[in-house]
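Peer 1: If you scroll down you'll find the structure; I have some questions about it.
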Amino acid sequence: MRRRELILGIGGTIVAPLAVRAQPPALSVIGFLHSGAPEQNVERLSAYFKGLSETGFVEGQNVAIEYRWAAGHNDKLPMLAAELVQRQVAVIATPASTPAALAAKAATATIPIVFASGADPVALGLVAGFSRPGGNVTGVTSLNIELAAKRLELFRELLPQATRFFTLINPTSALAEPFAKDLETGAATVGIHVEILHASTDREIEAAFAGLPQQPGIALVFGPDSFFYIRRAQIAALAARYAVPAIFDVPEYVEAGALISYGSDFSDVLQLAGRYTGRILKGEKPADLPVAQSTKFKLAINQNTAKALGLTVPPILLAQADEVIE
Numbered sequence: 043m044r045r046r047e048l049i050l051g052i053g054g055t056i057v058a059p060l061a062v063r064a065q066p067p068a069l070s071v072i073g074f075l076h077s078g079a080p081e082q083n084v085e086r087l088s089a090y091f092k093g094l095s096e097t098g099f100v101e102g103q104n105v106a107i108e109y110r111w112a113a114g115h116n117d118k119l120p121m122l123a124a125e126l127v128q129r130q131v132a133v134i135a136t137p138a139s140t141p142a143a144l145a146a147k148a149a150t151a152t153i154p155i156v157f158a159s160g161a162d163p164v165a166l167g168l169v170a171g172f173s174r175p176g177g178n179v180t181g182v183t184s185l186n187i188e189l190a191a192k193r194l195e196l197f198r199e200l201l202p203q204a205t206r207f208f209t210l211i212n213p214t215s216a217l218a219e220p221f222a223k224d225l226e227t228g229a230a231t232v233g234i235h236v237e238i239l240h241a242s243t244d245r246e247i248e249a250a251f252a253g254l255p256q257q258p259g260i261a262l263v264f265g266p267d268s269f270f271y272i273r274r275a276q277i278a279a280l281a282a283r284y285a286v287p288a289i290f291d292v293p294e295y296v297e298a299g300a301l302i303s304y305g306s307d308f309s310d311v312l313q314l315a316g317r318y319t320g321r322i323l324k325g326e327k328p329a330d331l332p333v334a335q336s337t338k339f340k341l342a343i344n345q346n347t348a349k350a351l352g353l354t355v356p357p358i359l360l361a362q363a364d365e366v367i368e
């Protein structure tokens with residue numbers, strides 16, 4: 043045997059070179075792509091990691107994660123997605139960030155992608171169908187856009203005196219058009235008209251609030267959008283400053299001081315996305331994993347905000363609420 047391949051140990055035992063024996067097996071790498079920032083997604087990350095651990099994967103132990111955060115700058119997502127593709131990660135996860143999912147799909151047709159989105163993934167072109175996604179993409183839909191009509195019903199229960207409804211939409215978002223269409227359809231079913239406002243910068247958000255009619259009966263409806271989500275503290279503060287009742291899709295807005303939210307339980311959505319990521323790491327193909335749909339929903343109400351707005355929350359709504367902040 044060649045000496046450079048083997049080394050004699052004590053007593054003449056043949057052992058492998060130390061450098062070879064000490065080399066740990068390479069970990070699979072998840073590329074985590076998101077349009078937001080880590081400090082604003084702590085709970086969501088926790089839910090994702092929980093789902094991932096349920097399939098046997100723990101960061102730092104048997105899987106590594108490469109994070110790419112756009113911090114609200116969606117124009118950076120294509121570059122960040124390209125970095126992960128170049129890194130040759132095993133799977134790209136884009137939980138709770140539809141813009142990131144679209145950027146990842148545009149960057150690779152071979153690396154598996156797991157999304158968690160509030161939109162219809164078929165309409166967005168992420169997958170070919172729910173039961174048979176096809177290609178390299180699958181994930182979870184939260185059905186938040188489809189819940190627009192339900193939000194309006196709850197809002198009218200809370201605000202029977204509301205006479206004018208507005209919605210604020212980010213025109214640069216892939217969710218803008220489908221949300222607007224679904225909101226219009228839902229509004230028609232409950233007999234109201236919703237006026238559309240646009241904002242894609244901090245200044246435009248402030249201008250939209252300042253431009254609302256200063257009169258009783260105004261109500262504001264927000265749809266799912268990561269651009270607004272990472273600015274939820276600013277939005278809740280503006281709603282309080284201008285005394286505008288507003289409804290959102292997730293309770294993090296309510297926890298930041300907004301009035302009410304109703305939508306899919308995103309902890310459940312992210313946990314499902316974590317499980318799908320783990321299943322793919324174990325060898326399953328995205329094309330064989332049907333798009334999952336969240337079946338858990340969450341209603342949150344901020345009683346302090348309601349009192350500040352001079353509103354009395356109906357007891358039936360309080361009884362239905364999963365979270366009440368007092």
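Residue numbers (our numbering): 43 to 368. Glycine included, every Cβ here is placed at the ideal spot set by N, Cα and C.
Please look up how many angstroms separate the CB atoms of residue 343 and residue 355, rounded, as I've assumed it's under 8 angstroms.
Peer 2: Stepping through the sequence shown from its first residue, residue 343 is reached at position 301. Stepping through the sequence shown from its first residue, residue 355 is reached at position 313. With 8 angstroms as the limit, residue 343 and residue 355 qualify as a contact, their Cβ atoms being about 6 angstroms apart.
Peer 1: Provide the residue span of the beta strand (DSSP E) that contains residue 288, from first to last.
Peer 2: The residue you call residue 288 lines up with position 246 of the sequence shown. Its beta strand (DSSP E) spans residues 288–290.
Peer 1: For residue 346, does the count of other Cβ atoms within 10 angstroms reach 16, so buried, or fall short, so exposed?
Peer 2: The sequence position of residue 346 within the sequence shown is 304, counting from 1. Exposed, because fewer than 16 other Cβ atoms sit within 10 Å of the Cβ of residue 346.
Peer 1: From residue 260 to residue 293, what distance separates their C-alpha atoms?
Peer 2: Counting from 1 along the sequence shown, the entry for residue 260 is found at position 218. Counting from 1 along the sequence shown, the entry for residue 293 is found at position 251. Approximately 21 angstroms, taken between the alpha carbons.
Peer 1: Just confirm the distance between the C-beta atoms of residue 134 and residue 107, as a whole number of angstroms; I'd bet it's less than 8 angstroms.
Peer 2: Reading the sequence shown from its first residue, position 92 is the one you call residue 134. Reading the sequence shown from its first residue, position 65 is the one you call residue 107. At roughly 11 angstroms, the Cβ-Cβ gap does not stay under 8 angstroms, so residue 134 and residue 107 are not in contact.
Peer 1: Between which residues of its own chain and residue 250 is the CB-CB distance below 8 angstroms, once the five residues before and five after are set aside?
Peer 2: In the sequence shown, counting from the first residue as 1, residue 250 sits at position 208. Taken in chain order, the residues that qualify are 210, 239, 240 and 241.
Peer 1: Less than 9 angstroms separating the beta-carbons of residue 301 and residue 353?
Peer 2: Numbered from its first residue, the sequence shown carries residue 301 at position 259. Numbered from its first residue, the sequence shown carries residue 353 at position 311. Yes, they are a contact pair.
Peer 1: Along the chain, where does the alpha helix (DSSP H) that runs through residue 221 open and close?
Peer 2: Numbered from 1 along the sequence shown, position 179 holds the residue referred to as residue 221. Residue 221 -> alpha helix (DSSP H) spans 218–231.
Peer 1: Just the Cα atoms here: how many angstroms apart are residue 91 and residue 316?
Peer 2: Counting from one through the sequence shown, the residue named residue 91 turns up at place 49. Counting from one through the sequence shown, the residue named residue 316 turns up at place 274. If you draw a straight line from the Cα of residue 91 to the Cα of residue 316, it comes to about 6 angstroms.
Peer 1: With a cut-off of 8 angstroms, do at least 3 Cβ pairs link the region 295–310 to the region 81–96?
Peer 2: yes
Peer 1: Would you call residue 115 buried or exposed, if buried means 16 or more other Cβ atoms sit within 10 Å of its Cβ?
Peer 2: One-based indexing of the sequence shown puts residue 115 at position 73. Per the 10 Å Cβ criterion, exposed.
Peer 1: At what residues does the alpha helix (DSSP H) containing residue 147 begin and finish?
Peer 2: The count along the sequence shown starts at 1 and reaches residue 147 at position 105. Counting along the chain, residue 147 sits inside the alpha helix (DSSP H) bounded by residues 140–149.
Peer 1: Give the list of continuous beta strand (DSSP E) stretches no shorter than 3 residues that lie fully inside the region 277–353.
Peer 2: 288–290, 302–306 and 339–344
Peer 1: For residue 357, name the three-state secondary structure that DSSP assigns.
Peer 2: For the purposes of this step, residue 357 is taken as residue 315 along the sequence shown, with counting starting at 1. Helix, per DSSP.
Peer 1: Would you mind working out which of 145, 272 and 222 sits nearest residue 263, comparing C-alpha positions?
Peer 2: Counting from one through the sequence shown, the residue named residue 263 turns up at place 221. Considering only alpha carbons, the answer is 222.
Peer 1: Pick from 365, 333 and 360: whose alpha carbon is nearest that of residue 178?
Peer 2: To locate residue 178, count along the sequence shown from 1; it is residue 136. The candidate whose alpha carbon is nearest that of residue 178 is 333.
Peer 1: Using a Cβ-Cβ cut-off of 6 angstroms (strictly less than) and excluding sequence neighbours within five positions of residue 336, which residues of its own chain qualify?
Peer 2: Within the sequence shown, the letter at position 294 stands for residue 336. Excluding positions up to five away in sequence, the list reads 184, 306, 310 and 311.
Peer 1: Assess contact between the region 115–127 and the region 95–107, defined as three or more Cβ pairs (one per stretch) separated by less than 8 angstroms. Is contact present?
Peer 2: no
Peer 1: May I ask you to list the residues that DSSP assigns as paired with residue 126?
Peer 2: In the sequence shown, residue 126 corresponds to position 84, counting from 1. Answer is none; residue 126 lacks a bridge partner.
Peer 1: Would you check if the distance between the CB atom of residue 198 and the CB atom of residue 232 is smaller than 9 angstroms?
Peer 2: Position 156 of the sequence shown, counting from 1, holds the residue named residue 198. Position 190 of the sequence shown, counting from 1, holds the residue named residue 232. The answer is yes: Cβ separation under 9 angstroms.
Peer 1: Which word fits residue 235, buried or exposed, when buried means at least 16 other C-beta atoms lie within 10 angstroms of its C-beta?
Peer 2: Working through the sequence shown from its first residue, we reach residue 235 at position 193. Residue 235 comes out exposed.
Peer 1: Hey, quick one: how far does the beta strand (DSSP E) through residue 110 stretch, first residue to last?
Peer 2: Here residue 110 refers to the residue found at position 68 when the sequence shown is read from its first residue. Looking at the DSSP string, the run of the beta strand (DSSP E) that includes residue 110 is 105–111.
Peer 1: What residues are listed by DSSP as bridge partners for residue 236?
Peer 2: Locating residue 236 in the sequence shown gives position 194, where the first residue counts as 1. In the DSSP output, where bridge partners are listed per residue, residue 236 has 207.
Peer 1: How many angstroms separate the CA atom of residue 153 from the CA atom of residue 276?
Peer 2: Position 111 of the sequence shown, counting from 1, holds the residue named residue 153. Position 234 of the sequence shown, counting from 1, holds the residue named residue 276. One C-alpha to the other measures close to 37 angstroms.
Peer 1: Measure from the alpha carbon of residue 190 to the alpha carbon of each residue in 330, 82 and 224, then state which is nearest.
Peer 2: The residue given as residue 190 occupies position 148 in the sequence shown. Nearest C-alpha to residue 190: 224.
Peer 1: Less than 7 angstroms between C-beta atoms, sequence neighbours within five positions excluded: which residues of the same chain meet that for residue 132?
Peer 2: The residue you call residue 132 lines up with position 90 of the sequence shown. Within the same chain, residue 132 has close Cβ partners 70, 71, 72 and 323.
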